[in-house]
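Report on the structure given below.
In full-length UniProt numbering, the protein residues as written are 1 to 252.
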């Protein structure tokens, strides 16, 4: 089994760790990437971890602003997560999007890095169900990248357990602490890395009544959709002014 010593993560809010607060950590967040780093660090005394992910970043921003400093650290493992902020746009060139990601993976492979990629989960219902077809096309294109590069794929589309609301933050966009824990397990397992993180079984959740579901949907729209739409209208991003949480290789 490969022993990874230089792990670098790039991406958007998911990789930054939004939804998994921890005041003791940079940017006040833990997240799945930190959890993966902790498991990898336990296997070697010579380990460094960097995380350049910034909330709100689209794929072109991840590549233009995060990829070069990430590769400059000569990682042997690079996680590249992104595209959610692109898919939410009114228009998106999925072929061009994945082509740019493919080129980035190729650059990482050239310096000897294994790359972890991520498909989107399958929204069966709710406000993101209308994006299901767009996500499915993106996912299939990304699978081709994983098939032709030195890359492994966390195929969230096939993780049916991910539909459980307990794995999601109240904003329904980011993972909850439990969701970040599950995501870390998926990464470690596709890499074939033994770990001591416990796998859990979710018990059946109590279903909301139609009235309660409508109430929570309206509250969600008021609290989260409105501010998001305002940022879009004004050309702002949730990542404005946010700095990478770990811009250099450090122990964890």
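Even for Gly, the Cβ is constructed at its ideal location relative to N, Cα and C.
On the DSSP bridge list, what partners appear for residue i?
| i | result |
| --- | --- |
| residue 185 | None; residue 185 has no bridge partner. |
| residue 51 | 9 and 246 |
| residue 168 | 175 |
| residue 193 | Per DSSP, none; premise fails for residue 193. |
| residue 118 | 154 |
| residue 21 | 29 |
| residue 78 | 8 and 115 |
Determine the closest residue to residue i out of the options, with distance taken between C-alpha atoms.
| i | options | result |
| --- | --- | --- |
| residue 142 | 184, 81, 193 and 60 | 81 |
| residue 158 | 38, 136 and 166 | 136 |
| residue 44 | 3, 55, 69 and 70 | 3 |
| residue 111 | 68, 241, 182 and 179 | 68 |
| residue 250 | 21, 98, 20 and 46 | 46 |
| residue 108 | 165, 130, 150 and 119 | 150 |
| residue 242 | 140, 63, 5 and 26 | 26 |
| residue 160 | 134, 140 and 121 | 121 |
| residue 104 | 131, 42, 64 and 240 | 64 |
| residue 140 | 247, 165 and 98 | 98 |
| residue 5 | 156, 106 and 73 | 73 |
| residue 92 | 20, 248, 133 and 247 | 133 |
| residue 83 | 62, 246, 240 and 70 | 62 |
Can you list, in chain order, the residues of its chain with a C-beta nearer than 6 Å to that of residue i? Leave out the 5 residues immediately preceding and following it.
| i | result |
| --- | --- |
| residue 35 | 184 |
| residue 79 | 9 and 116 |
| residue 58 | 85 and 86 |
| residue 148 | none |
| residue 33 | 9, 15 and 51 |
| residue 195 | 39 and 188 |
| residue 102 | 145 |
| residue 190 | 152 and 154 |
| residue 193 | none |
| residue 230 | Summary for residue 230: the model assigns pLDDT 48, below 50, so the residue's position carries little reliability, and this model does not support an answer. |
| residue 49 | 7, 37 and 252 |
| residue 24 | none |
| residue 244 | 52 |
| residue 70 | 8, 10 and 52 |
| residue 66 | 10 and 52 |
| residue 206 | Residue placement at residue 206 cannot be trusted, given a pLDDT of 49 that sits under 50; the coordinates are not used to answer. |
Hey, residue i and residue j are a contact pair by Cβ (cut 8 Å); roughly how many whole angstroms apart?
| i | j | result |
| --- | --- | --- |
| residue 60 | residue 100 | 7 Å |
| residue 187 | residue 154 | 6 Å |
| residue 7 | residue 88 | Not quite, the Cβ-Cβ distance comes to about 28 Å (not below 8 Å), so this is no contact. |
| residue 94 | residue 128 | Incorrect: roughly 16 Å between the Cβ atoms, too far for contact. |
| residue 11 | residue 53 | 4 Å |
| residue 75 | residue 41 | Residue 75 to residue 41, Cβ: 14 Å. No contact. |
Excluding the 5 residues flanking residue i on each side, which residues of the same chain have their C-beta closer than 8 Å to its C-beta?
| i | result |
| --- | --- |
| residue 38 | 252 |
| residue 106 | 149 |
Residues in its own chain within less than 7 Å of residue i by CB, not counting five upstream and five downstream?
| i | result |
| --- | --- |
| residue 167 | 175, 176, 178, 179 and 182 |
| residue 18 | 29, 55 and 174 |
| residue 22 | 28, 29 and 30 |
| residue 156 | 118, 119, 120, 121 and 162 |
| residue 246 | 26, 49, 50 and 51 |
| residue 169 | 19, 175 and 176 |
| residue 248 | 50 |
| residue 240 | none |
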